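Down below is the structure, laid out as structure tokens.
In our numbering, the protein residues as written are 724 to 1127.
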């Protein structure tokens, strides 16, 4: 039988699924193990359902948040419990796109979720610009499904049923017979995971102004990425070769024109080209310097980078405050919670100190504002978030809000 030669689009689809192979295999292995456990008659212990436990814990969560922040979780906030396929669709909705890219991105995420290489290839051929901009988002979001306990979007806290239904059983089963001996600690860990997830996502429910700011900024950033992709895809072959030579980029055979331009897009994406050389605490506080020769070859580049900076700063500021507030609140509300400590030990293999060190984005800033303003800190940060320079120096933030 004559073999059909893969197109360049097909090879992109293959590569994208290959990059997710570890996560895809992990999902399948966990699901297969859960089925095996369910069929093992010797495993006769059960955990209360995620729905039941959440309904009992949620009132406590709202009370704790109100007590610590002085703010109420909106009454409209609801909880939904999603299966794996639904979580992946949700992650697609969390990719904030330009208006005309929404349908494309939803289709791309669905195709990746189903490992439909033919559909992925077709979508890339249909709109290469959108594929270059949004495939990285889709890949990164889907690759984190196995460690996504919950999420928040549009007045709704979403919990990952796959994680909460499978992991406690797997942890207990792997400890071996008799299963009852480790049951109480695993059950406590399970409760701790639900507490932490509901707390984090419910804190996000009180941060609507920050979420709106983040969404608005991301859409503007992606609009600029689409413009950059269009410029690069329209480069003629001669100019493209000169740019590769000038920047000493790894050569790509001429028979792969899309791959060659895709490589340049990822190199010149301002997230890499400007921020890649800056320390994390200086993110989005400097303008990128585009040398004269490169600007001659791509005249639009300097203008694109200049317009990208402000929304990227806005995005960074919003996300830092969103995460910092949540991390700081969780640190204080759960610091003495036995279930949470068991969760860290059993499910994460870590302790409170190490966990807090990992979850440090924006935490110190939130703590410094809280130290000065007390409970008022949270409403102040939501209503009047800092800019990127103020994130580096909280005194600048205090000086500004005190003058208002």
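Note that the Cβ used here is the ideal one computed from N, Cα and C, for glycine as well.
If you're wondering where the values come from, they're calculated on a predicted model, not measured in any experiment.
N-terminal and C-terminal residue of the beta strand (DSSP E) that residue i is part of
{"i": "residue 874", "result": "873-876"}
{"i": "residue 1083", "result": "Segment: none, residue 1083 is in no beta strand (DSSP E) and carries neither H nor E."}
{"i": "residue 883", "result": "879-883"}
Proximity to residue i [Cα-Cα], best of the options
{"i": "residue 790", "options": "1056, 767, 1079, 735", "result": "1056"}
{"i": "residue 857", "options": "1066, 827, 877, 885", "result": "827"}
{"i": "residue 1087", "options": "1022, 1044, 811, 1123", "result": "1044"}
{"i": "residue 1036", "options": "902, 1114, 738", "result": "1114"}
{"i": "residue 913", "options": "931, 868, 883, 759", "result": "883"}
{"i": "residue 774", "options": "739, 918, 1119", "result": "918"}
{"i": "residue 1063", "options": "1092, 979, 780", "result": "780"}
{"i": "residue 1053", "options": "792, 761, 743, 995", "result": "792"}
{"i": "residue 752", "options": "889, 840, 871, 1039", "result": "889"}
{"i": "residue 1148", "options": "981, 1108, 967, 814", "result": "Because the chain in this structure spans residues 724 to 1127, residue 1148 falls outside the shown range and cannot be described."}
{"i": "residue 898", "options": "733, 760, 742, 1112", "result": "760"}
{"i": "residue 891", "options": "969, 808, 903", "result": "903"}
{"i": "residue 813", "options": "930, 950, 877, 1091", "result": "877"}
{"i": "residue 1040", "options": "733, 815, 749, 932", "result": "932"}
{"i": "residue 1051", "options": "909, 1091, 954", "result": "1091"}
{"i": "residue 921", "options": "873, 1022, 850", "result": "873"}
{"i": "residue 1093", "options": "978, 1049, 948, 1079", "result": "1049"}
{"i": "residue 905", "options": "766, 776, 823, 946", "result": "766"}
{"i": "residue 900", "options": "750, 730, 763, 785", "result": "763"}
{"i": "residue 842", "options": "830, 851, 853", "result": "830"}
{"i": "residue 934", "options": "818, 948, 825", "result": "818"}
{"i": "residue 870", "options": "976, 916, 1024", "result": "916"}
{"i": "residue 994", "options": "1080, 784, 859, 971", "result": "859"}
{"i": "residue 1058", "options": "1079, 1038, 1042", "result": "1079"}
{"i": "residue 823", "options": "808, 853, 796", "result": "853"}
{"i": "residue 1019", "options": "958, 755, 976", "result": "958"}
{"i": "residue 991", "options": "1116, 928, 1014", "result": "1014"}
{"i": "residue 757", "options": "896, 742, 815", "result": "896"}
{"i": "residue 1065", "options": "909, 975, 795, 976", "result": "909"}
{"i": "residue 969", "options": "743, 1021, 1089", "result": "1021"}
{"i": "residue 769", "options": "811, 907, 825", "result": "907"}
{"i": "residue 816", "options": "1104, 861, 795", "result": "861"}
{"i": "residue 1042", "options": "797, 795, 927", "result": "927"}
Unbroken alpha helix (DSSP H) run spanning residue i, endpoints
{"i": "residue 812", "result": "807-816"}
{"i": "residue 908", "result": "906-928"}
{"i": "residue 1104", "result": "1099-1106"}
{"i": "residue 748", "result": "744-762"}
{"i": "residue 963", "result": "960-970"}
{"i": "residue 1015", "result": "1015-1020"}
{"i": "residue 949", "result": "931-956"}
{"i": "residue 827", "result": "825-836"}
{"i": "residue 776", "result": "773-792"}
{"i": "residue 847", "result": "840-849"}
{"i": "residue 1057", "result": "No alpha helix (DSSP H) holds residue 1057; DSSP gives it neither H nor E."}
{"i": "residue 1111", "result": "1111-1115"}
{"i": "residue 990", "result": "980-991"}
Assumed close pair residue i, residue j - CB separation to whole angstroms, cut-off 8 Å
{"i": "residue 838", "j": "residue 747", "result": "7 Å"}
{"i": "residue 800", "j": "residue 925", "result": "7 Å"}
{"i": "residue 1047", "j": "residue 1075", "result": "Contact flag wrong, Cβ pair sits at about 18 Å."}
{"i": "residue 881", "j": "residue 803", "result": "5 Å"}
{"i": "residue 855", "j": "residue 952", "result": "5 Å"}
{"i": "residue 893", "j": "residue 950", "result": "So it is not a contact: roughly 46 Å between Cβ atoms."}
{"i": "residue 851", "j": "residue 946", "result": "About 17 Å separates the two Cβ atoms, so there is no contact after all."}
{"i": "residue 840", "j": "residue 737", "result": "6 Å"}
{"i": "residue 1061", "j": "residue 911", "result": "7 Å"}
{"i": "residue 1124", "j": "residue 1107", "result": "6 Å"}
{"i": "residue 1023", "j": "residue 944", "result": "The Cβ separation is near 16 Å, so there is no contact."}
{"i": "residue 979", "j": "residue 731", "result": "6 Å"}
Given 8 Å as the limit, is there contact between the region 1027-1042 and the region 1058-1072, that is, 3 or more CB pairs closer than that? With a cut-off of 8 Å on Cβ pairs, the region 1027-1042 is not in contact with the region 1058-1072, counting fewer than three such pairs.
Pair every Cβ in the region 846-866 with every Cβ in the region 822-836, then say whether three or more of these pairs are closer than 8 Å. yes
I want to know whether the region 954-969 touches the region 983-992 - three or more CB-CB distances under 8 Å. yes
If we count Cβ pairs, one from each stretch, closer than 8 Å, do we get three or more for the region 939-953 versus the region 1096-1103? no
Counting beta carbon pairs with one atom in the region 840-854 and one in the region 886-901, are three or more of them shorter than 8 Å? no
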